[in-house]
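Under the working numbering, think of the first position of the sequence shown as 293, with each following residue one higher. Using N, Cα and C, we set each Cβ at its ideal position, and we do this for glycine too. Following: one structure in structure tokens, then a few remarks.
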Amino acid sequence: MIRELEKEEDEVSFQRRVLHGRIDILRAELVARLREQVSAGEAKLADVGRLSEILTARASPKADDE
């Protein structure tokens, strides 16, 4: 039973690392696109600092009055 639990823990850990890698890739892509748009004068700066929270669904939705 302990071996099964250790194997399951390894699988969960691997999936977590994969998801964090995807988040890092998405963050880098978003930052690159925003920099291109800002340098071209096409966009306002977005809240890049909250991106990790947004992508991991930890961020609370912004209130309409903000």
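Distance CB(Ile317)-CB(Leu347) smaller than 8 angstroms | Contact: no.
Rounded to whole angstroms, how far is the Cβ of Arg325 from the Cβ of Ser344, which I believe are closer than 8 angstroms?
-> Contact flag wrong, Cβ pair sits at about 17 angstroms.
Separation of Ser331 from Glu303, as counted between CA atoms | Rounded to whole angstroms, the gap between the alpha carbons of Glu303 and Ser331 is 42 angstroms.
Where Glu296 and Gly333 are concerned, what is the direct C-alpha to C-alpha distance, given to the nearest angstrom?
-> Take the alpha-carbon of Glu296 and the one of Gly333: they are about 55 angstroms apart.
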